[in-house]
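Notes follow the structure.
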Amino acid sequence: MTTTPPLIEDLARKFSTKLLLKHELNLSEHRFQYLIDQNYLQEVDGIRSTLNFHECNRCFNKNQSLFGKIPQHARAPITYCKKCIQMGRVSTKESLYRWTGTHPMRHKVMNPLKWKGILTPLQEKASQKMVEAVNNQSKLLIYAVCGAGKTEMLYAGIQEAIKQNKRVCVATPRADVVRELAPRLRRDFPTIHSSALYGGSTERDQNNHLVIATTHQLLRYENSFDLMIVDEVDAFPYHRDKTLPKAVTRASKPNSTQIYLTATPRRSHKLQIATKQIPTVSIPSRYHGHPIPTPTFQAVLRLNDKLEKGVLPPKITQWIKEKQTTNRRFLLFAPTIQLAEKLAEKLNMPYVHAESPDREYLIKQFRARAFQSLITTTILERGVTFPSIDVAVIQADHHVFDEAALIQIAGRAGRSASDPTGDVTFFYEYKTNAMIQARNYTILKNKEAKRCNI
Amino acid sequence: MICYLCLTSIKEDTTWSNFLNPQYRTICDHCEEKLDKITHPHCQKCMKPTDNEKCGDCLRWEQHFGEDPLGRNVSIYTYNDYMKDLIARFKYRGDYEMINAWKKSVRTSFNEQFNNQDLLVVPIPLGEDRYTIRQFNQAEAIASLLNEPIHQLLTRQDGQKQSKKSRRERVFSNNPFQLKEQPPESILLVDDIYTTGTTIRQAASLLKEAGAEHVQSLTLIRS
């Protein structure tokens, strides 16, 4: 029997630096066997088991309650990982495969950046620091307020990396952010190959220059990227899930540059900043130089009871009416899907939440000014930009609104240079620490910004 | 205790009524709410939602066969969007343990509808190729919830996926099943989804030809 050698170069582009399941390779049995026999592919156990303790080799899951068993006739049961099952089943019988053939080539692009904008002095500072980090293969944390123009600060660094034929990844915990970032990056880097990866996207990465992905998608990678940029490091689920930082580390090459972006660092990052364990550059001012809107507090007596009964307190209706008469567009944040639904019915407004099927469509419509207002849960707290809007938070004392969430929500207002002021109002019954900290944060950052600008 | 569907932990209060006899729940309220149980009115025979006693599908089957080989089908849930996602995860991703979430409702339904009948539980078999990919038979998995002995009376030749065929193709395709041994008088077939009822009826007609008197079916979903 003669075998025609498969197009190795083509397969290398598809499989190199990834950890894939057999069905993800999508090869005929014949070709698959050939590649295994010729040592182009190496088999890696899907689940590592010691005694009765399992660990998933793809998603790092060690939580034993998230392993399932499939009984087999006259054989030991198969153990599989439930945590990452949406990406295809990894089990004691279903292994992962690693490409051990030669690494594919990428064509060089000398001047990928076509963006012609000008950076503010503060942005310029961060941008230079990042270029240095790319050249020194070091880490950098960019601590920039909402609306500081983070994406533009990254351009010089990305350009530098691509010039050196390095592979770049922009990762973020939220799929909405991927969908917003990808078109912007493609517009400004039109000549490079890029792919946007998130659950449900149909794009494939074939050793591209740039990958824009959710942090979950990085579970399929190993030693792949020279420049790893993690946007919104403090966002859910990245900051809660201990396995995602591991995924980011594994997906990066050993001598890679790591850039973290955040407006609201969590405690662990704050600690690293304070103890100077990670080089940090802080941008306290927005790109248009105007201060961040400070939240107004509006206490409402018996707010929770009233909302439970389906009554809207006059303070809130008044706020809405005022916006409607002055023709201001606004976002209403609700702590739960149930309340968002109730408000939407009462006020006759559209609403979005994590599970709404037309979420992408509604966000697009709101951006296109198809309607004046939108009710949302915390899913729109970050990453998405609507020019000139006002924001109100209903039940700002609810536990889902922690300090970071409130800062991010307040950061939605006053984003455009032509309309830099915006109204941010928190409606609450009991004042919480998170609310006070969020207000202090804006005051502090505005002060810092003033000092910088002088 | 975790919910087998959303994998979050379920916390239940200990009260005087349950502290001696804790009930282990396998599904949380939130997920249970999203499942849609079939309610009245529905077809007396196949549980399709309809105002008539028998739905159009069943009348057509009677025309097709003369006498319908299937006595009755009992289903539990409708095939809503949430259920479609769950079935994709269960069958095509292969999350076997999800069946535990339906344990209580499958058992209740079995006890209500088929109690004290001398039935033999027969899961609809899976073709060999598909079994190697999935490593379990979803019908057998559901049957295993019943606490009754399971009998593999049938085998199946692999064919094209039912879900990839049109209704006409399904109804007139050749019978993919073979009998392994002589069937007893009364049989309960178990499967995951009842869509057109072709699969179940193909198995039922084979069993009837070989001498079974009464064939009924229990399916998790009526789509």
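For the record, the sequence lines run as chains A and B. Residue 1 is where the first sequence starts when you use my numbering, and the numbers rise one by one after that. Residue 1001 is where the second sequence starts when you use my numbering, and the numbers rise one by one after that. We put the CB at the ideal spot given by N, CA and C, even for glycine. These numbers were taken from a predicted model, which means no experiment stands behind them.
Asked: Under three-state DSSP, which class holds Arg1072/B?; Found: strand
Asked: Which whole runs of the alpha helix (DSSP H) in the segment 248-295 of chain A are 4 residues long or more, in chain order?; Found: 267-274
Asked: Using 8 Å as the Cβ pair cut-off and three pairs as the minimum, do the segment 1040-1056 of chain B and the segment 1124-1144 of chain B touch?; Found: no
Asked: Listing by chain order, which chain B residues have their CB less than 9 Å from the CB of Ile78/A?; Found: Tyr1096, Gln1135, Phe1136
Asked: If contact means a Cβ-Cβ distance below 8 Å, which residues of the segment 367-396 of chain A contact chain B?; Found: none
Asked: Ordered along the chain, which non-local residues of its own chain (more than five positions away) have a Cβ less than 6 Å from that of Pro1125/B?; Found: Leu1154, Thr1155, Arg1156
Asked: Could you check whether the Cβ of Asn1025/B sits closer than 8 Å to any Cβ belonging to chain A?; Found: The question names Asn, but residue 1025/B is Arg in the sequence shown. Not one chain A Cβ lies under 8 Å of Arg1025/B.
Asked: Opposite Ser416/A in the DSSP bridges: which residues?; Found: Asp419/A
Asked: For Leu312/A, which option in Thr214/A, Gly157/A, Glu345/A has the closest C-alpha, if you only look at C-alpha atoms?; Found: Glu345/A
Asked: Would you please verify whether the beta carbon of Arg1093/B is less than 8 Å from any beta carbon of chain A?; Found: yes
Asked: As a quick exercise: from Tyr1096/B, Ile1193/B, Ser1205/B, Trp1016/B, pick the residue whose alpha carbon is nearest that of Pro1183/B.; Found: Ser1205/B
Asked: Using 8 Å as the limit for Cβ to Cβ distance, is Ser65/A near chain B?; Found: yes
Asked: In chain A, what lies closer than 7 Å to Ile1002/B by C-beta?; Found: Ser65
Asked: Taking Leu1146/B as the query, report the chain A residues whose CB atoms sit under 9 Å from its CB, ordered along the chain.; Found: Neighbours of Leu1146/B on chain A: none; closest Cβ ~15 Å, over 9 Å.
Asked: Go through its chain and collect everything with a Cβ distance to Arg179/A's Cβ below 8 Å, but skip five positions before and after it.; Found: Ala196, Tyr198, Glu360
Asked: Please classify Lys1164/B as buried or exposed, where buried requires at least 16 other C-beta atoms within 10 Å of its C-beta.; Found: exposed
Asked: Residues of the segment 84-110 of chain A in Cβ contact with chain B at a cutoff of 9 Å, in chain order, please.; Found: Ile85, Gln86, Met87, Gly88, Arg89, Ser91, Lys93, Glu94
Asked: Whose C-alpha, out of Lys108/A, Gln338/A, Tyr143/A, is nearest the C-alpha of Glu308/A?; Found: Gln338/A
Asked: Of the residues Cys146/A, Lys253/A, Tyr34/A, Thr385/A, which one's Cα is nearest the Cα of Pro265/A?; Found: Cys146/A
Asked: Beta strand (DSSP E) containing Glu1053/B: first to last residue?; Found: Note, Glu1053/B: premise wrong, no beta strand (DSSP E); not H, not E.
Asked: Decide if Tyr1092/B is buried, meaning its Cβ has at least 16 other Cβ atoms within 10 Å, or exposed.; Found: exposed
Asked: Is the Cβ of Gly68/A closer than 8 Å to any Cβ of chain B?; Found: yes
Asked: Under 8 Å by Cβ, that's how I've got Val424/A and Pro293/A pegged, so tell me the actual separation to the nearest angstrom.; Found: 5 Å
Asked: Is the segment 13-29 of chain A close to the segment 91-104 of chain A, with three or more CB pairs under 8 Å?; Found: yes
Asked: Taking only beta-carbon atoms, is Leu1007/B less than 8 Å away from chain A?; Found: yes
Asked: Show which residues of chain B have a CB atom less than 9 Å away from the CB atom of Lys14/A.; Found: By Cβ distance, chain B contributes nothing, its closest Cβ being about 21 Å from Lys14/A, past 9 Å.
Asked: So is Ser127/A buried or exposed if we call it buried at 16+ other beta carbons inside 10 Å?; Found: buried
Asked: Which runs of the alpha helix (DSSP H) spanning at least 4 residues fall entirely within the segment 1181-1216 of chain B, listed in chain order?; Found: 1198-1209
Asked: Which same chain residues, not among the five before or five after Thr102/A, have their C-beta less than 8 Å away from its C-beta?; Found: Ile8, Ala12
Asked: Could you give the C-beta distance for Pro173/A and Ala235/A, rounded to a whole number, given that I count them as a contact under 8 Å?; Found: 4 Å
Asked: Beta carbon of Leu113/A, beta carbon of Met130/A: below 8 Å?; Found: no
Asked: Determine the chain A residues that contact Arg1089/B at a beta-carbon separation under 9 Å, and present them in chain order.; Found: Ile85, Gln86
Asked: To the nearest angstrom, report how far apart Ser1009/B and His1030/B are at their CA atoms.; Found: 12 Å
Asked: Considering Ala133/A, what are the terminal residues of the alpha helix (DSSP H) in which it resides?; Found: 121-136
Asked: Rounded to a whole number of angstroms, what is the C-alpha to C-alpha distance between Leu331/A and Leu261/A?; Found: 25 Å
Asked: In angstroms, rounded to a whole number, what distance separates the CA positions of Gln1135/B and Ala1203/B?; Found: 22 Å
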